[in-house]
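Below is one structure, written out as structure tokens, with a few remarks after it.
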Amino acid sequence: MRKPLPPTDHHETIAKPRRARQRQLVGEICERLAGDLGEDVSALRRLVDSRPAPGSQRVVATERKSRST
0 MRKPLPPTDH HETIAKPRRA RQRQLVGEIC ERLAGDLGED VSALRRLVDS RPAPGSQRVV
60 ATERKSRST
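Note that the sequence shown covers residues 0 to 68 in numbering that gives the first Met the number 0.
Rendered as structure tokens:
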């Protein structure tokens, strides 16, 4: 009988590289948008970073709150 594999930390193996890539893409998109709109990149980046990610706890709580009212 084979030994079971040790449990892996999902965030270490999958989420961190994916999140890093997503942040890189968001940065590139912000730079392009800011250039096209003539806006400050840092202000646009702050706006994007202030929004909760889809599926995050803050979004789920907000959706539940809005559904219950």
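The C-beta atom is built at its ideal place from N, Cα and C for all residues, glycine as well.
In this text the structure is predicted, and so the values were computed from the model without any measurement.
{"query": "How about L46 and L32: are their beta carbons less than 8 Å apart?", "result": "no"}
{"query": "Three-state secondary structure (DSSP) at P3?", "result": "coil"}
{"query": "According to the Cβ coordinates, are V40 and E30 closer than 8 Å?", "result": "yes"}
{"query": "The alpha helix (DSSP H) with D39 in it runs from where to where?", "result": "Careful: D39 lies outside any alpha helix (DSSP H) and carries neither H nor E."}
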